[in-house]
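Let me begin by presenting the structure, written as structure tokens, before commenting on it.
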């Protein structure tokens with residue numbers, strides 16, 4: 001069996017990641033590892049009401065997605081982006097992960113260069129590798145050149161894993177550079193609606209619509225089980241992506257699209273979003289306060305204004321993969337930084353999610369983690 | 001934009017197919033084209049009941065699929081296949097189309113040979129082309145050699161497009177040849193439950209489990225909007241496929257998996273299946289009788305014992321792509337045979353679906369089609 005596997009297999013199916021996620025999902029562990037939303041934030045009542053009344057749509061959807069849903073999303077984006085977005089510029093995908101897969105399949109040839117941040121969302125790295133992507137790193141806060149790259153990938157709001165957000169000025173700089181380089185930007189924005197205070201700046205897609213494929217998801221604003229992603233791009237790009245999607249899964253579920261449409265039309269949905277933002281905002285504050293209280297000097301972390309993640313950077317001598325082994329022994333899980341590097345080189349950083357652990361768990365978990373860090377730093381000094 | 005597309009794009013996104021499906025879905029057309037189930041067969045009441053009561057599961061599913069659903073499917077297959085099938089030998093996919101994509105991605109390198117029938121399910125051809133498959137044709141009713149092929153693809157029950165079914169003996173011959181050649185068989189079985197009289201023979205997967213990846217779907221026995229496919233293979237293969245699926249869409253909807261589970265557990269489900277078989281059996285009989293009544297000499301067709309399709313073969317001089325242009329003018333649609341050929345060479349055959357048209361439409365549509373065929377044959381004689 002092993003000998004029959006495709007060459008790409010080793011690149012796209014790293015068992016360390018799967019094992020890591022399995023371990024960190026074990027009961028009794030305080031997990032800061034998962035990038036999943038808290039079940040208590042799900043709009044359970046809205047979903048239950050949405051499944052009542054009119055029978056659900058059980059047939060195939062068009063590959064591009066149900067027109068009424070695309071129109072509703074287009075209307076919302078038109079208001080927020082201060083430019084007209086039409087339903088034919090929108091494709092519904094089976095989660096935003098599929099959108100990344102679809103973009104890779106449609107655009108990438110072997111050895112095409114893809115610009116990614118270091119660190120970046122690791123599953124994007126896997127999926128684009130399936131199409132032979134070669135990665136070059138770019139710092140989106142001060143990019144030097146985008147020339148020579150077919151695609152570029154950015155999470156502009158509350159980045160996974162760092163939690164950082166690009167400023168309005170940075171977005172404008174990137175938009176200008178894209179036009180000059182002829183590079184196509186994949187702007188992945190699953191967390192943009194989860195802002196704690198002010199709404200983040202308009203996406204790069206609203207400034208450079210011809211150079212950008214914008215991707216977002218219903219997983220974090222509604223629930224992952226919808227498996228609904230949204231792609232926004234020029235109509236000619238959407239048409240091509242839809243054709244390619246046909247071979248991947250024919251279409252996305254008309255049932256979950258129909259339920260999502262009703263939830264979005266429900267007047268209580270706005271209230272749901274407000275609660276969601278407050279919920280994650282509270283969790284983030286608890287985590288940031290615990291970090292401040294317990295972490296020793298020499299440890300730095302980001303201060304996310306939205307999303308689900310804090311990025312902690314320890315002194316360079318610490319390998320967070322090793323730290324994670326010890327943390328698991330103490331029943332605390334996070335994701336070590338090397339996972340998010342296209343080079344997979346060792347990292348002294350780590351990602352903490354504040355999404356699913358309770359406030360108490362966050363405090364206790366950070367305290368445990370901080371004492372492990374202190375031990376590690378003392379150990380490092382002894383050497 | 002065009003210049004940025006991947007080389008594979010032309011192979012995997014043939015606009016003729018998309019356009020064909022768009023045309024044939026226009027109102028006012030008697031369509032024998034679509035491979036989609038009849039909405040009146042959907043278990044609407046069972047689905048409505050399944051969404052009531054216990055709240056739906058809104059979180060991410062494990063990539064392999066919800067355990068309870070996999071256990072239920074494993075139990076059913078164990079009884080039918082007369083061998084033990086375990087839940088770890090089962091992977092839930094986002095429709096069976098995704099399963100084909102996943103298998104291609106996991107196993108195919110550029111220029112690997114894939115054995116396919118001529119004709120075969122055309123979307124399978126597209127999706128495997130994305131991974132560089134080179135096709136060789138095989139007659140599954142009397143295969144000569146499977147040597148040198150990485151994968152082989154068969155629809156063993158009520159084939160798409162021919163409606164034909166492999167006999168028990170043919171299945172055993174194929175199972176033996178697979179072992180000798182070391183070729184991995186993808187046995188695609190979306191229609192096996194839609195038998196009109198006797199259940200078809202056990203799948204090749206039940207005879208050669210180590211050589212076969214079996215794929216089936218909930219789209220035809222429940223409804224397409226579930227977007228649920230099932231893969232059955234050795235546990236080591238399933239584990240590899242699940243890892244690769246992570247990069248494609250993370251997981252399949254826990255919501256639709258949960259609803260499907262409840263529908264399967266509903267005692268009325270057996271009755272639903274019986275009605276479904278009767279419904280399609282009646283439609284098939286109407287179509288076969290109409291063909292017999294209207295078609296001129298020299299036209300042959302298959303006599304499916306299940307599924308959704310009849311395959312009609314006209315005298316070799318007829319190009320069914322041209323016939324289809326004329327048929328559309330008369331508001332009748334089918335799928336011309338060349339679509340189902342890996343060579344895309346012209347064909348004198350065509351696929352008729354009896355699934356969605358009403359009995360009356362079937363009679364009228366076949367009468368129109370037959371008169372066009374007669375005209376065409378007279379025209380051919382004049383030349």
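Chains as they are written, first to last, in this note's numbering: chain G, 1 to 383; chain V, 1 to 383. We put the beta carbon where it would ideally sit given N, CA and C, even for glycine.
Bridge partner(s) assigned by DSSP for residue i
i	result
residue 292(G)	According to DSSP, which records beta bridges pairwise, residue 292(G) is partnered with nothing at all.
residue 306(V)	195(V)
residue 187(V)	154(V) and 214(V)
residue 114(V)	135(V) and 151(V)
residue 93(V)	229(V)
Expected contact under 8 Å - CB spacing of residue i and residue j to nearest Å
i	j	result
residue 186(V)	residue 204(V)	So it is not a contact: roughly 10 Å between Cβ atoms.
residue 60(V)	residue 116(V)	Their Cβ separation, rounded to whole angstroms, is 35 Å, which puts residue 60(V) and residue 116(V) out of contact at 8 Å.
residue 57(G)	residue 121(G)	Actually they do not touch by this definition, with Cβ atoms about 32 Å apart.
residue 81(G)	residue 277(G)	Actually they do not touch by this definition, with Cβ atoms about 20 Å apart.
residue 272(V)	residue 43(V)	5 Å
residue 69(G)	residue 257(G)	5 Å
Reduced DSSP secondary structure (H/G/I, E/B, other) of residue i
i	result
residue 101(V)	helix
residue 353(V)	strand
residue 363(V)	helix
residue 383(V)	Note that residue 383(V) has pLDDT 46, beneath the 50 cutoff, so the model's placement of it is unreliable and the number below is only indicative. It is coil, neither helix nor strand.
residue 301(V)	strand
residue 217(G)	strand
residue 173(G)	helix
residue 14(G)	coil
residue 231(G)	strand
residue 31(G)	strand
residue 123(V)	helix
residue 205(G)	helix
residue 279(V)	helix
residue 249(G)	helix
residue 9(G)	helix
residue 81(G)	helix
residue 222(V)	coil
residue 164(G)	coil
residue 384(G)	Outside the displayed span of chain G (1 to 383) sits residue 384(G), for which this structure offers no information.
residue 86(G)	coil
residue 142(V)	coil
residue 261(V)	helix
residue 39(V)	helix
residue 130(V)	coil
residue 375(V)	helix
residue 69(G)	helix
Closest residue to residue i among the options (Cα-Cα distance)
i	options	result
residue 19(V)	96(G), 164(G), 202(G) and 239(G)	239(G)
residue 86(V)	51(V), 318(V), 67(V) and 136(V)	67(V)
residue 129(V)	373(G), 369(G), 244(G) and 7(G)	244(G)
residue 323(G)	379(G), 300(G), 10(G) and 246(G)	379(G)
residue 316(V)	107(V), 304(V), 347(V) and 289(V)	347(V)
residue 362(G)	321(G), 292(G), 313(G) and 297(G)	292(G)
residue 387(V)	357(G), 184(G) and 89(G)	This structure cannot speak to residue 387(V), because chain V is shown only from 1 to 383.
residue 188(G)	226(G), 98(G) and 177(G)	98(G)
residue 338(V)	332(V), 329(V) and 321(V)	321(V)
residue 218(G)	199(G), 209(G) and 259(G)	259(G)
residue 148(V)	180(V), 282(V), 171(V) and 372(V)	180(V)
residue 141(V)	133(V), 135(V), 157(V) and 126(V)	157(V)
residue 90(G)	326(G), 232(G) and 296(G)	232(G)
residue 45(G)	280(G), 198(G) and 268(G)	268(G)
residue 355(V)	163(V), 372(V), 54(V) and 77(V)	163(V)
residue 289(G)	237(G), 265(G) and 359(G)	359(G)
residue 175(V)	13(V), 143(V), 126(V) and 286(V)	143(V)
residue 254(V)	247(G), 226(G) and 375(G)	226(G)
residue 31(V)	313(V), 76(V), 7(V) and 352(V)	352(V)
residue 93(G)	302(V), 250(V), 343(V) and 376(V)	250(V)
residue 284(V)	196(V), 374(V) and 172(V)	196(V)
residue 374(G)	125(G), 326(G) and 340(G)	326(G)
residue 12(G)	171(G), 53(G) and 126(G)	126(G)
Proximity test, residue i beta-carbon vs the ligand MN heavy atom, cut-off 7 Å
i	result
residue 132(G)	For the ligand MN, the structure offers nothing, since it holds no ligand at all.
inquiry  = Please give me, in chain order, every unbroken run of the beta strand (DSSP E) with length at least 3 that falls completely inside the region 311-354 of chain G.
reply    = 349-353
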